[in-house]
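Chains as they are written, first to last, in this note's numbering: chain D, 1 to 523; chain F, 1 to 311; chain U, 1 to 372; chain H, 1 to 351; chain W, 1 to 307.
Data first, discussion second: the structure below is written as structure tokens.
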Amino acid sequence: GGGDDKGNSADGGVFRLGITEPTAIDPFNTQESEGTLVTHNLFTGLYKVTPDGKLIPKLAESATTSDDGKTWTFKIKAGTKFTNGEPVDAESFVRAWTRVADKKSASDVAYHMAGIEGYEDLNSGKTDKFAGVKAVDAGTLEVKLATGDFEFDKKTVHTAFAPVPKAAGAADNKAFNDAPIGNGPFKIEGSWEHNKKITLVRNDDYGFEKAKLAKVELTILNPNNTATLEYQGFQAGTFDWARMPTPQLSVAKQKFEPKGQWISADTSGINYLVAFNTNAPLNTPDARKAISYAIDREAIAKGVFQGMQKPASSVLPPSFADVYQEGVCTTCVKQDTAKAKELAEKSGLKPGTVLDFGYNTGSGHEEWVQAVAQQLKDVLGLEVKLNGKPFKEALSEQQDKKTAGIWRSAWGADYPTADNFLFPLLATGSINEDPATGKAQGDNRGRYSNPEYDKLLDQARATKDAAARAALYKQAEKLAVDTDQALIPLWKRTQYRLANTAKFNNVQMDFFEDPNLAEISAK
Amino acid sequence: MTELTKSTADSGTAEPAAGAATATANAEPAVARITQWGEIRHRFVANKLAVVGLVLVAVLFLTAIFAPLLAPQDPYHQDLTNTLADPSSAHWLGTDALGRDQFSRIIFGTRIAVEVGLASIFLACTIGIVIGALSGYFGKATDSVLMRIADVFFAFPLIIGAIVIIMAMGRGVMPVIISLAVFSWPTVARLLRSSILSVREADYVHAARALGAGTSRIIIRHIIPNSIAAVMAYAAFSVGGAIVAEASLSFLGVGVSPEVPEWGNMLAGAKDFLGVKDYLWVYPSIAIVLTVLGFVFVGDGLRDALDPKLR
Amino acid sequence: MAELSKTDEAVDAPAEATEEKAIAAFEAPVERGEPILQVRNLVKHFPLTKGVLFKRQVGAVKAVDGVSFDLYQGETLGIVGESGCGKSTVAKLLMLLETATAGEVLYKGQDITKLSGRALKAVRRNIQMVFQDPYTSLNPRMTVGDIIGEPFEIHPEVAPKGDRRRKVQELLDVVGLNPEYINRYPHQFSGGQRQRIGIARGLALNPEIIICDEPVSALDVSVQAQVINLMEKLQDEFNLSYIFIAHDLSIVRHISDRVGVMYLGKMAEIGTDAQIYDHPTHPYTQALLSAVPVPDPEVRENRERIILTGDVPSPANPPSGCRFRTRCWKAEDRCATEEPLLAIPTRFKGQDTPAAHVSACHFAEEKTVLAV
Amino acid sequence: MTTSNLTEELPAQRKGDDETPVLEVRDLHVEFKTREGIVRAVNGVNYSVKSGETLAVLGESGSGKSVTAQAIMGILDSPPGRVAKGEILFRGQDILKLDEEERRKLRGPKMAMIFQDALSALNPVFSVGNQLGEMFRVHQGMSKKDAKLKAIELMDRVKIPAAKARVNDYPHQFSGGMRQRIMIAMALALEPDLIIADEPTTALDVTVQAQVMDLLAELQKEYAMGLILITHDLGVVADVADKIAVMYAGRIVEQAPIHELYKRPAHPYTRGLLDSIPRLDQKGQELYAIKGLPPNLLKPPAGCAFNPRCPKAQDICRTDVPALVPVTERDGAELVGRASACHFWKEQIHG
Amino acid sequence: MGSYVIRRLGQMVVVLFGATVVLFAALFVLPGDPVGSLGGDKARDPAVVAELRERYGLNDPLPVQYGNFVKNLAKGDLGEDYTQRRPVTEILAPKLTNTAKLAVLAIVIDIAIGLLAGMIAALFRYSFWDVLITLLTTMAVGFPSFVIGMVLLSTFSVKLQMFPVIADGSFNSMILPAFTLAILDAALVARLMRGTMLEVLKADYVKTAVAKGLPRRTVLFKHVMRNSIIPVVTYLGISFGSLLGGALITEAIFNWDGIGLALVMAIQQQNNPIIIGVVSFGVLVFVVLNLLVDLLYAVLDPRIRLA
Ligand SMILES: Nc1ncnc2c1ncn2[C@@H]1O[C@H](COP(=O)(O)OP(=O)(O)OP(=O)(O)O)[C@@H](O)[C@H]1O
Ligand SMILES: Nc1ncnc2c1ncn2[C@@H]1O[C@H](COP(=O)(O)OP(=O)(O)OP(=O)(O)O)[C@@H](O)[C@H]1O
Ligand SMILES: [Mg+2]
Ligand SMILES: [Mg+2]
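Structural data, given as structure tokens:
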């Protein structure tokens, strides 16, 4: 434990927290917040992102973009090393990205590189070279994209874009999977003790401002009730950082806010309802609007979430300040039963209509889902059929062509771009229907498809000027979420954490909702 | 209650008569008729815990039947302006996270409990009795095959097997009932089989065969009635177990749909309120415990009452 | 009663015809004094098996190994012998509760060992059984009425439905129980009363033969006499034939017209009660009789007792030759090699002495042991 | 330490003084508390045994024979049973007044018991050698090895063939007669002064029964022990007993030396018992049967417990409990050792 | 006896075969593609899905998949799981140890508490202690294990802080979960023990033992104990199944990293190799345990001849 690290030195201290077992901590397949926390601290890529989505250059000393947005040239900072002594150079990026996109890796995060030229060939196993990524020299990385993208630099904050040393080998190198050798502020002590713990220690040879903490102990917790355990652990003094079960939030806030141990932030994500656009009864914008109007977000936020969730009226999160439009979804702003009924009538959403309402079980959605269902029943007289499914089944059902009604869903940003919401959730290209099974393989499961919207996105992507681009994105969002009501925003992604500020300074929640380990220092 | 006390008194007076009958039957012929059921009832009623159990079970049944009359509110009615309200005169047991009246939900919860508990055990007993009887009476290859099949199901831990089935069938009351039954029948079958094995060689069975009785008659009239006692007691006892298992499934998120007023659901919803809103899990727990205790007591009482050796 | 030769009347007719004939034969009356049951070389081996998946037989318990005797209409044949010698197995074979390994049981001349179905049911009307233990032979969950009435349910032709209750009450009366007890359960009766219920059940179908397997062994001395008296009374009333199995030699003597002594699956000696008790010729019978404790202290001082040494050998592995030789004081080499036949010993053949009855001993001789 | 202080206080003689009985039971009452009420299983039993003497206790099932024996041995099922009243004098000392540990030390070295069903009386899960040797290990502190040798010796003593080979066998591997002999061996192990045999041969075949009774009688003579033989078989009694006590419904109804009783019973119950034995001269006749059923000890009949079944019962029998009184000849001459608990013993014995 | 063991092993194979076939069939009909998505809300790249389906042979028909499973099983290989892509044996090994630790402690508690309570209740029949124990054991049967677990956790760990909230594998952190797991069986063992002991106490051989002048403790701990324990041993063998089922809930409540928990997760994620691994293992252990129990039974009770 960290009990004996009371020394007042700024360097040192052990920070303890609980996580669930990550899928992977090797950048080739790091995906969820747990793995991201570890990988981000083991590896440093081109940029780092601030909690509000700003880029801070790390290995990228500079970046230049061609006018068509297709060619990106990054100057790599010289002289930094992996912890095994290998230099970090352009080649280590080429190596890493190829490793991710390779077919044999079957990486779940490879698709983030889908815009890079040669991805298809590499990912389908036609070649083992990544045509679009080139180390011009040790300090220069050149990336060619298939279509123009002026925000490609922002994407590289994803762990998949981290450099790896030669020692990494292929993606199935178990030794590296469990004990990655990185270039980050921390290095792993020993290797990943599955389901038990991961210990990080300070990388004293870090090429940037060194971490202050001597050690970070990540206890791996039972995924079934991590939040409860973290919270209990924090209260018992076992953890210095904790999430909380939603039901306990208000009590926890009362208890810890006065102590200054309460952290809250609206982060880069959205909770919404997928509405199946192509199937009755929600195949008209009016029907979808009726649903949206019928929901009293405020009441649920207050009653069910004890005020700990905030209603959302847009898809893009407030943390993306340049594109955020509060109230862009007019139906979301306030419950309006009259309008709801009127629109329902107009769209043939008669009382008694059966509305399937799906959600995935075991993730704490049971409660509010029932509240929404009740409101739809009360306001529109719909016969709402709650359909709780374990995750895999839920997903498979959502993907099905015949599925109708609404599903609970949420989206968290991978990187701070509007495109990261607007394309996957709403673009026609993101339906990606499997011709054989008719399943929507992309994330646009509501199968919203509006050529006008797609055009707006294309335009935005091809716009070099950031402000103009933001305007186009805003326009697209308004079209999909307001005019067409392709999906139904519910609440913002608001996150709460407890941090042991009695022992540590400068504890914050980062863009990925994790503690900013590299900046924390012991008191 | 008056009923019960009365019957206690009744059999209380009947008993010495029975004793006298055994002893001096030849002397005085006019003795009150004492049936076997009377005897069993007497032994059962004399067992205080069993009576307590019976009362609990009776209360449960009545509550289930008259739930709409007893519940002060609609168990589905949400009041988002009054969520997580502590117990008060308006809501005796408080409200849950959706502002639903907990008391009403607990009352309605008896229905699922009764339904699942009885139906699953009934089903399990039916399968178990048929298979156990066949296995025990015919022995040999029939026995081996049936018992290996029983072993397969017996070797699956109940909850695990149930989860797999529910996954395949979807959530709902029926899948829960079926999955509980599918993994409980082997116990019944084994129980019945072993008592049949001992009864099968009893002299009275030989006697019946000597009279020319056929197989079905022997099984139905002689073997089953004499070996079913253990099964009945086990069944009563297991109804409690099934209710707990069903609640466990809901607790694990694979039981009946969460809006359904059901105790396991209530507990699952309440477990995160541990230490904050304890009444949310305390009351459903009490409901489960009392129900299970009721059936356990009844089962125990039945076992003792049906066993003429135990006095 | 001369040599017991195997009857050659073994029927080879088609099964169907045999059955019909059999049933017809069972209806025919038999005069008092004629054999109603002839047992010929009856054998029952219980296989001893062993094996992993496929059972193979590694031996057999030779529970009954070639037993022959006759039972005459209206008589009581007593069978005595030590525990495990096969008495109950014989009873079960006669009752067709076990299938014989070999041998025949001729009921009115018809072999009944291979019967099944309707014919078997028909025989069962005529041969009934009273069990040893009155506590286990009555279904505890049936009323006395149901127990005694069950035969009528199985053989509805015997008594029309409406008549049954009356019949049951009659039977209760016959065995000396209060007919009002019809609704009671067995546990509400004493052992002696229960045994009467068992007898009533046996009587229900008006059988000709009742096989009693130790019917009074479980009863107290003071009750035993009541049951024995009842049985004798019923015999006179209904012209019954009894096979009376017991180990209490004095009871057997009291009730039996003839007595058979069994040892280890075989019949050692058969004769009238006087022949067996007063003129036993088989050493085993002699030992048995001398071992019986006599309830008269005067006699005990001046009687010779033959105390056998050793235990009864296992029927799974019986001694060669004469089975009794391992405990017999007279045994010679011949006994180990040659199996003595159950026949009138040569030395008594043709003599008009009570000792001239069948006895399976090479060295049969009279020896006065004390009568019971 | 195996000898208790008690043993030293007790008169050390065995064969000597024939007048002090080894055991004397005085007015013993035992009752069982059951749900139906109090069962008075033993209602004032008196008897005594001297060294080398055999007392047969006779009586039908449930008359309290075993319970009396259990009370003497201190192995009553309690609860529900308890000795309500009375004394049990072992060599003059009331053992009911001893504490449990002192009493325990009497069991085995001083008094032992043989049970009816040896199969259930031997622990099925321990070898017979172990169970026999236990006597020596516990009471004499013998080593395991020595105890086993002793066990073999004992088994030889009771004529179990190949004792050495069979000492490690389990009870179920022996035949009934052998088991009973092992029980006898166990009882005799420490050469006690008194043996109580509760129906030792009822479960055995006649030929084996004779073997076992012979052995028991022989050993009893040899060690000059007092033997209480409980049975309901009049035949067995006639063979071995010196005197008889007949019990009915928890009481001794008649006591007599063996010859006397068979000749001239002084109680109608004894008479009935003797008459219900089939006799040669009675063949073809109806047996005498005591009518009716044994009494219910929960509600014993008023007066003489035998009155509902007694052919000679008078009014007094239904009201007054007859005391056990000495029986005399017609002329009043004392009949040594005889007593009867019948109001009409005179009529009974003298016709 | 050797042949008995062989026959039992044969039966074991049959049962294991039956159980895995049933399980395979059940998993096969489950809706949803086991490699169709990750844990989050995002869909997997179709290319990845195709690659994984190919890799895990999920396109093969059921009998082929089962055949492969059996083939690999013979080599002690349970395949790779679908999320972390690590060998199932490697993932499950430490979890198995953890569950085993818990189960062993639970059984120790079962036996200790159960036997003791049962003995006291039987010896002092109808006394205050008997009534108390009867009441407590019945209550224990009536309390669902999750309720017990939650109460214990909130009382002893959260409020009183006597035990760690987060199980760290230490003995201290095993106590509460093991106790939760054990309580039901302990109660049943106690009831069983009480019943058999009452019967044994009435047995003639106990009377014999007393009549032999054996000290009370010898009578109790030698003669009575050995005979009473036999049904308890059988029960413990059978109860293993419920122990595993109970572990599922207990592990979830106490964050005990065992196979029960792994199973719950695997079922949610349709991580079939793990499900099959855990269930096969559970069935195997169950059958082996019952065989051992039967053998032990024969050791404890010489009357039993195994054939
Ligand atoms: N079903 C069976 N399987 C194997 N052996 C059997 C079976 N039934 C009886 N035996 C054996 O056959 C022999 C004869 O048994 P049977 O019951 O006929 O003896 P019995 O003379 O009636 O003895 P008892 O006087 O004890 O009733 C015994 O050794 C017995 O163990
Ligand atoms: N544990 C007990 N609880 C209640 N009643 C008992 C108990 N033990 C014995 N009795 C009663 O005490 C009476 C005398 O029993 P006991 O065993 O002494 O009879 P017995 O003369 O030995 O009979 P048997 O010849 O059948 O052995 C019986 O009526 C019996 O019901
Ligand atoms: Mg027999
Ligand atoms: Mg007795």
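We put the beta carbon where it would ideally sit given N, CA and C, even for glycine.
Computed from a prediction, not measured in an experiment: that's the story for all the values here.
Item to check | Test: G388 (chain D) CB closer than 9 Å to a CB of chain W | outcome: Looking up residue 388 (chain D) in the first sequence gives position 388. No, G388 (chain D) does not count as interfacial toward chain W.
Next on the checklist: For I197 (chain U), count the other beta carbons within 10 Å of its own beta carbon; 16 or more makes it buried, fewer makes it exposed. Which is it?
Outcome noted: Taking the first residue of the third sequence as position 1, residue 197 (chain U) is located at position 197. So I197 (chain U) counts as buried.
Checklist entry - List, in order along the chain, the chain W residues whose C-beta lies closer than 8 Å to that of H172 (chain H)? => result By 1-based counting over the fourth sequence, the position of residue 172 (chain H) is 172. By Cβ distance, chain W contributes P302 and R303.
Checklist entry - Hey, is V260 (chain F) close to ligand 1, as in C-beta under 8 Å from one of its heavy atoms? => result Translated into the one-based positions of the second sequence, residue 260 (chain F) becomes position 260. No, since every heavy atom of ligand 1 falls outside the 8 Å radius drawn around the Cβ of V260 (chain F).
Next on the checklist: Is A356 (chain U) close to chain H? Criterion is C-beta to C-beta, closer than 9 Å.
Outcome noted: If you number the third sequence from 1, residue 356 (chain U) lands on position 356. By this cut-off, A356 (chain U) is not an interface position.
Item to check | Reduced DSSP secondary structure (H/G/I, E/B, other) of K492 (chain D) | outcome: Against the first sequence, residue 492 (chain D) aligns to sequence position 492. Residue state, collapsed to three classes: strand.
Checklist entry - How about G198 (chain U): is its C-beta nearer than 9 Å to some C-beta of chain F? => result As a working mapping, residue 198 (chain U) is identified with position 198 in the third sequence. Chain F, which has a Cβ nearer than 9 Å to the Cβ of G198 (chain U), makes this yes.
Item to check | As assigned by DSSP and simplified to three states, the class of P29 (chain F) | outcome: Walking along the second sequence from the start, residue 29 (chain F) turns up at place 29. In this prediction, P29 (chain F) has a pLDDT of 34, which is less than 50 and means its spatial position is unreliable; what the coordinates show is noted afterwards. Of the three classes helix, strand and coil, the one that applies to P29 (chain F) here is coil, per DSSP.
Checklist entry - Would V252 (chain U) pass as a contact of D273 (chain U) if the rule is Cβ separation under 9 Å? => result Residue numbering aside, residue 252 (chain U) sits at position 252 when the third sequence is read from its first letter. Residue numbering aside, residue 273 (chain U) sits at position 273 when the third sequence is read from its first letter. Cβ atoms of V252 (chain U) and D273 (chain U): closer than 9 Å.
Item to check | When D:F150, D:E151, D:A96 and D:I270 are compared against L141 (chain D), the one with the closest alpha-carbon | outcome: Counting from one through the first sequence, the residue named residue 141 (chain D) turns up at place 141. L141 (chain D) has its Cα closest to that of D:A96, out of D:F150, D:E151, D:A96 and D:I270.
Item to check | Exercise answer, beta-carbon shell around ligand 2 heavy atoms below 6 Å | outcome: H:F32, H:T34, H:V39, H:A41, H:G59, H:S61, H:G62, H:S63, H:G64, H:K65, H:S66, H:V67, H:D77, H:P80, H:G81, H:H232 and H:L297
Checklist entry - So, does the CB of T228 (chain D) fall closer than 9 Å to a CB anywhere in chain F? => result The count along the first sequence starts at 1 and reaches residue 228 (chain D) at position 228. Closer than 9 Å to some Cβ of chain F, the Cβ of T228 (chain D) qualifies, so yes.
Next on the checklist: If I measure Cβ to Cβ from L190 (chain H) and keep anything under 7 Å in the same chain, skipping five residues before and after, which residues do I get?
Outcome noted: To locate residue 190 (chain H), count along the fourth sequence from 1; it is residue 190. Cβ neighbours of L190 (chain H) beyond the five flanking positions: G108, P109, M135 and H139.
Checklist entry - Which one of D:D102, D:D108, D:I116 and D:A110 has the shortest CA to CA distance from L122 (chain D)? => result In the first sequence, residue 122 (chain D) corresponds to position 122, counting from 1. Checking every option, the nearest Cα to that of L122 (chain D) belongs to D:D102.
Next on the checklist: Nearest by alpha-carbon distance to T50 (chain D): which of D:D514, D:S521, D:K523 and D:V379 is it?
Outcome noted: Numbered from its first residue, the first sequence carries residue 50 (chain D) at position 50. Measuring from the Cα of T50 (chain D), the nearest candidate turns out to be D:D514.
Next on the checklist: Between which two residues does the beta strand (DSSP E) holding C212 (chain U) run?
Outcome noted: Taking the third sequence and counting its residues from 1, one reaches residue 212 (chain U) at position 212. Start and end: I209 to D213.
Checklist entry - For ligand 4, is there a heavy atom less than 8 Å away from the beta-carbon of I359 (chain H)? => result In the structure displayed, chain H extends from 1 to 351; residue 359 (chain H) sits before or after that span and is not available.
Checklist entry - What residues of chain W sit near P322 (chain H), judged by a beta carbon separation below 9 Å? => result As a working note, residue 322 (chain H) is residue 322 in the fourth sequence. Simply none; closest approach about 33 Å.
Checklist entry - Say the cut is 8 Å; is the CB of E214 (chain U) nearer than that to a heavy atom of ligand 3? => result Your numbering for residue 214 (chain U) matches position 214 in the third sequence. For ligand 3, at least one heavy atom lies less than 8 Å from the Cβ of E214 (chain U).
Checklist entry - Taking the DSSP output, what are the residues bridged to H29 (chain H)? => result Reading the fourth sequence from its first residue, position 29 is the one you call residue 29 (chain H). Answer by DSSP bridge pairing, in chain order: H:N43 and H:K85.
Next on the checklist: I want to verify the contact list: residues of chain U whose CB lies under 8 Å from the CB of E60 (chain H), in sequence order.
Outcome noted: Counted from its first residue, the fourth sequence places residue 60 (chain H) at position 60. Residues of chain U passing the Cβ test: D220, V221 and S222.
Next on the checklist: Give me the DSSP bridge partner(s) of N271 (chain W).
Outcome noted: As a first step, residue 271 (chain W) must be located in the fifth sequence, where it is residue number 271. None, per the DSSP bridge assignment.
Checklist entry - For L4 (chain U) and chain F, any beta-carbon pair shorter than 9 Å? => result The residue you call residue 4 (chain U) lines up with position 4 of the third sequence. Its pLDDT being 41, under 50, L4 (chain U) is placed unreliably by the model, and nothing is read from it.
Checklist entry - Which full runs of the alpha helix (DSSP H) of 4+ residues lie inside the stretch 138-225 of chain H, going along the chain? => result 144-157, 163-166, 176-188 and 206-223
Checklist entry - In chain order, what residues of the same chain lie with their CB nearer than 6 Å to the CB of Q31 (chain D), ignoring the 5 residues before and after it? => result In the first sequence, the residue the question calls residue 31 (chain D) occupies position 31. The residues are T23, D108 and V109.
Item to check | Inter-residue CB distance, V57 (chain F) and V298 (chain F) (contact presumed, cutoff 8 Å) | outcome: Counting from one through the second sequence, the residue named residue 57 (chain F) turns up at place 57. Counting from one through the second sequence, the residue named residue 298 (chain F) turns up at place 298. Confirmed, about 6 Å.
Next on the checklist: I'd like to know if M167 (chain F) contacts chain W, where contact means its C-beta is closer than 9 Å to some C-beta of that chain.
Outcome noted: As a working note, residue 167 (chain F) is residue 167 in the second sequence. True, the Cβ-Cβ gap to chain W drops below 9 Å.
Checklist entry - Taking the alpha carbon of S313 (chain D) as the point to measure from, which residue in D:R297, D:I198 and D:A404 has its own alpha carbon closest? => result Position 313 of the first sequence holds residue 313 (chain D). Among D:R297, D:I198 and D:A404, the Cα nearest to that of S313 (chain D) belongs to D:R297.
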